[in-house]
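In our numbering, the protein residues as written are 29 to 595. The structure under discussion appears below in the form of structure tokens.
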RNA sequence: GCGUCUGUAGCUCAGUUGGAUAGAGCAUUAGCUUCCGAAGCUAAAGGUCAGAAGUUCGAAUCUUCUCAGGCGCUCCA
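Printed below as a string of structure tokens:
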């Protein structure tokens with residue numbers, strides 16, 4: 029319908045204003061009206077042309093209007109000040125979408141033509157403990173990103189990058205070892221507290237459980253040697269451990285326990301399964317890290333200073349150069365991340381990283397480094413930065429720290445409000461927005477809680493339609509659906525497909541949650557005001573609510589939320 | 001100081017590519033059960049779209065500046 033009108037206008041323009049070159053290239057916008065007294069569709073083309081053809085926009089609108097013929101579908105055209113052209117569409121054609129949706133068997137999603145191999149990396153929290161609500165938003169948005177891209181038709185691999193070779197693992201190992209020796213309250217002489225007042229070693233209750241699981245391995249470490257190092261700086265103990273012949277085996281066992289007993293369980297609680305787990309240690313073992321560092325050196329992008337190896341970031345606009353290899357020989361995250369991305373570039377067309385917004389500067393740094401190594405960063409690497417979520421409970425903001433053991437595990441949130449509410453609330457706003465997440469509200473089972481409100485609409489429709497299985501309802505033209513709510517519902521239905529596809533292609537789940545909420549709202553209003561199962565126009569109303577229900581089910585399915593037939 | 005995200009009703013937020021009178025929910029106030037689920041509905045009230053200038057026929061939307069808040073600017077992860 030919109031295309032048809034656009035063609036008619038283009039035709040009129042070529043007759044009227046062909047002498048102006050710019051007219052041929054102008055974008056003819058056709059939009060839906062918000063006020064039905066202005067018809068169904070409108071265009072602002074006359075106002076855009078006013079400047080080019082130097083005429084009063086209203087006159088232009090009139091000229092265009094007179095060059096478009098009416099037919100069965102376009103029943104009226106009017107030109108209105110300051111220069112809108114409004115189109116009135118016949119009811120029969122206005123609502124083709126309702127039949128399209130009711131008759132369709134697929135998911136109403138358009139596929140892209142050239143599909144790509146896309147690598148999506150998300151969560152990737154250090155394997156030092158259970159996942160908590162601070163990880164929740166990236167977790168859910170990462171999953172939705174992967175899902176939406178696969179709806180588009182792309183081939184997706186979901187990967188969790190496991191930082192199993194860094195300092196945090198050594199600190200966790202020390203913490204676990206202390207527990208094993210019954211010294212879990214021990215604090216090292218040099219153990220500083222950071223700005224948040226948290227310690228460097230891990231103090232959560234789970235550390236003790238991990239120590240029990242690993243007791244067989246921990247027995248291999250000589251107890252007396254460890255005890256003798258307790259009054260020295262923590263790094264003495266760490267270097268002692270690193271020299272131990274079973275060090276990598278024990279570290280590996282530790283990481284396995286954390287991943288298998290905690291992280292995978294946490295992910296599964298919100299329904300996430302990764303296709304691949306990539307370990308940082310692989311970068312060392314395969315020699316890729318050395319290879320990449322050599323490449324950086326050969327391209328003259330690094331230099332040595334103060335015993336460390338530096339990348340020449342200032343050559344690319346950064347305000348300082350950044351360290352690749354520390355004075356003590358350890359790699360920085362910068363170095364291993366470059367190598368990891370080099371690895372990912374080998375087998376994929378597009379890489380997507382889902383990171384917290386606090387990594388903004390770092391993302392820029394990584395991009396420039398990879399660009400300097402001749403990777404097509406602009407086209408092939410997307411780093412999606414997700415703003416923080418602030419969770420509230422009983423009016424209090426919940427703060428989080430894995431090390432101190434003071435955190436709210438994601439599994440507790442799921443147990444508290446349910447998997448679907450958890451997902452829904454994390455998805456309710458676009459990623460650039462800071463998210464205020466009220467746990468108490470998410471637990472409520474009333475209209476304060478959008479997910480229940482939507483579920484309730486579905487439950488009500490399910491109840492109405494329950495006994496109608498045998499009733500045949502034929503395709504209708506919906507001419508009798510003329511009440512305010514009916515017209516509004518038809519209008520919302522009409523926009524579903526374009527809304528859905530916009531959400532999928534722009535990876536904006538918030539558009540879907542908003543849409544479903546609005547649809548549910550009008551439905552509830554309609555339901556309270558109108559009896560659906562009446563004698564006279566029963567069929568049309570049944571089809572209307574069937575369509576509403578189908579959209580709710582489809583929208584929830586796209587978001588991977590389970591519908592509730594009764595509540 | 002630099003970078004970045006944000007600023008819309010008392011609170012939490014929508015607002016299509018710049019379009020016609022800026023919209024919801026909560027909270028407040030006043031109502032609605034012979035009737036498909038009241039886990040609901042109806043209505044009232046609530047606005048300097050942070051501020052200023054600019055572009056435009058037309059700005060919450062685009063540009064610039066200012067103000068306020070979050071985050072980052074470690075040989076941290």
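Yeah, the Cβ is synthetic: ideal placement off N, Cα and C, and Gly gets one too. Please read these numbers as outputs of a predicted model, since none were measured by experiment.
Residue i, enclosing alpha helix (DSSP H) - first and last residue
{"i": "residue 570", "result": "566–586"}
{"i": "residue 444", "result": "438–445"}
{"i": "residue 172", "result": "161–179"}
{"i": "residue 279", "result": "275–285"}
{"i": "residue 43", "result": "30–44"}
{"i": "residue 80", "result": "73–81"}
{"i": "residue 491", "result": "478–493"}
{"i": "residue 519", "result": "512–522"}
Cα-Cα separation between residue i and residue j, rounded to whole angstroms
{"i": "residue 530", "j": "residue 430", "result": "37 Å"}
{"i": "residue 180", "j": "residue 408", "result": "17 Å"}
{"i": "residue 184", "j": "residue 146", "result": "5 Å"}
{"i": "residue 518", "j": "residue 128", "result": "13 Å"}
{"i": "residue 508", "j": "residue 546", "result": "23 Å"}
{"i": "residue 123", "j": "residue 71", "result": "20 Å"}
{"i": "residue 40", "j": "residue 74", "result": "12 Å"}
{"i": "residue 304", "j": "residue 157", "result": "19 Å"}
{"i": "residue 512", "j": "residue 556", "result": "13 Å"}
{"i": "residue 310", "j": "residue 268", "result": "23 Å"}
{"i": "residue 103", "j": "residue 120", "result": "11 Å"}
{"i": "residue 96", "j": "residue 515", "result": "27 Å"}
{"i": "residue 150", "j": "residue 383", "result": "7 Å"}
{"i": "residue 323", "j": "residue 317", "result": "10 Å"}
{"i": "residue 38", "j": "residue 52", "result": "8 Å"}
{"i": "residue 594", "j": "residue 570", "result": "19 Å"}
{"i": "residue 265", "j": "residue 240", "result": "20 Å"}
{"i": "residue 108", "j": "residue 510", "result": "25 Å"}
{"i": "residue 49", "j": "residue 88", "result": "17 Å"}
{"i": "residue 564", "j": "residue 421", "result": "50 Å"}
{"i": "residue 64", "j": "residue 589", "result": "34 Å"}
{"i": "residue 321", "j": "residue 130", "result": "58 Å"}
{"i": "residue 478", "j": "residue 255", "result": "56 Å"}
{"i": "residue 481", "j": "residue 446", "result": "15 Å"}
Element boundaries [beta strand (DSSP E), containing residue i]
{"i": "residue 466", "result": "463–466"}
{"i": "residue 604", "result": "With the chain covering 29 to 595 only, the question about residue 604 has no answer from this structure."}
{"i": "residue 186", "result": "183–190"}
{"i": "residue 417", "result": "417–421"}
{"i": "residue 343", "result": "Segment: none, residue 343 is in no beta strand (DSSP E) and carries neither H nor E."}
Outcome for residue i when other beta-carbon atoms lying within 10 angstroms are tallied against a minimum of 16
{"i": "residue 388", "result": "exposed"}
{"i": "residue 125", "result": "buried"}
{"i": "residue 416", "result": "exposed"}
{"i": "residue 140", "result": "exposed"}
{"i": "residue 85", "result": "buried"}
{"i": "residue 526", "result": "exposed"}
{"i": "residue 223", "result": "Summary for residue 223: the model assigns pLDDT 38, below 50, so the residue's position carries little reliability, and this model does not support an answer."}
{"i": "residue 225", "result": "Here residue 225 scores only 44 on pLDDT, less than 50, and its place in the model is too uncertain to base an answer on."}
{"i": "residue 62", "result": "exposed"}
{"i": "residue 450", "result": "buried"}
{"i": "residue 342", "result": "exposed"}
{"i": "residue 217", "result": "exposed"}
{"i": "residue 230", "result": "buried"}
{"i": "residue 448", "result": "buried"}
{"i": "residue 441", "result": "buried"}
{"i": "residue 314", "result": "exposed"}
{"i": "residue 548", "result": "buried"}
Nearest residue (CA-CA) to residue i, options the options
{"i": "residue 567", "options": "30, 47, 445 and 506", "result": "506"}
{"i": "residue 294", "options": "265, 161 and 477", "result": "161"}
{"i": "residue 45", "options": "82, 61 and 67", "result": "82"}
{"i": "residue 393", "options": "366, 370 and 381", "result": "366"}
{"i": "residue 42", "options": "77, 212 and 60", "result": "77"}
{"i": "residue 554", "options": "143, 573 and 93", "result": "573"}
{"i": "residue 290", "options": "307, 238 and 356", "result": "238"}
{"i": "residue 521", "options": "480, 481, 219 and 578", "result": "578"}
Exercise for the section: Specify whether the stretch 360–371 and the stretch 388–408 touch according to this definition: at least 3 beta carbon pairs, one from each stretch, less than 8 Å apart. Expected result: yes
Practice task
Specify whether the stretch 195–210 and the stretch 479–490 touch according to this definition: at least 3 beta carbon pairs, one from each stretch, less than 8 Å apart.
Solution key: no
Practice task
Indicate whether the contact test is met: 3 or more Cβ pairs, each with one atom in the stretch 443–461 and one in the stretch 536–543, closer than 8 Å.
Solution key: yes
Handout entry: Stretch-stretch touch, CB-based, cutoff 8 Å, three pairs: the stretch 159–169 with the stretch 273–286
Key = no
Handout entry: Any 3 or more C-beta pairs closer than 8 Å across the stretch 579–590 and the stretch 130–137
Key = yes
Practice task
For the stretch 487–496 and the stretch 557–570, state whether three or more C-beta atom pairs, one from each stretch, are separated by less than 8 Å.
Solution key: yes
Exercise for the section: Count the C-beta pairs between the stretch 351–360 and the stretch 327–339 that are closer than 8 Å, then say yes if the count reaches three, no if not. Expected result: yes
Practice task
Would you be able to state if there are at least three C-beta pairs under 8 Å between the stretch 367–375 and the stretch 417–427?
Solution key: no
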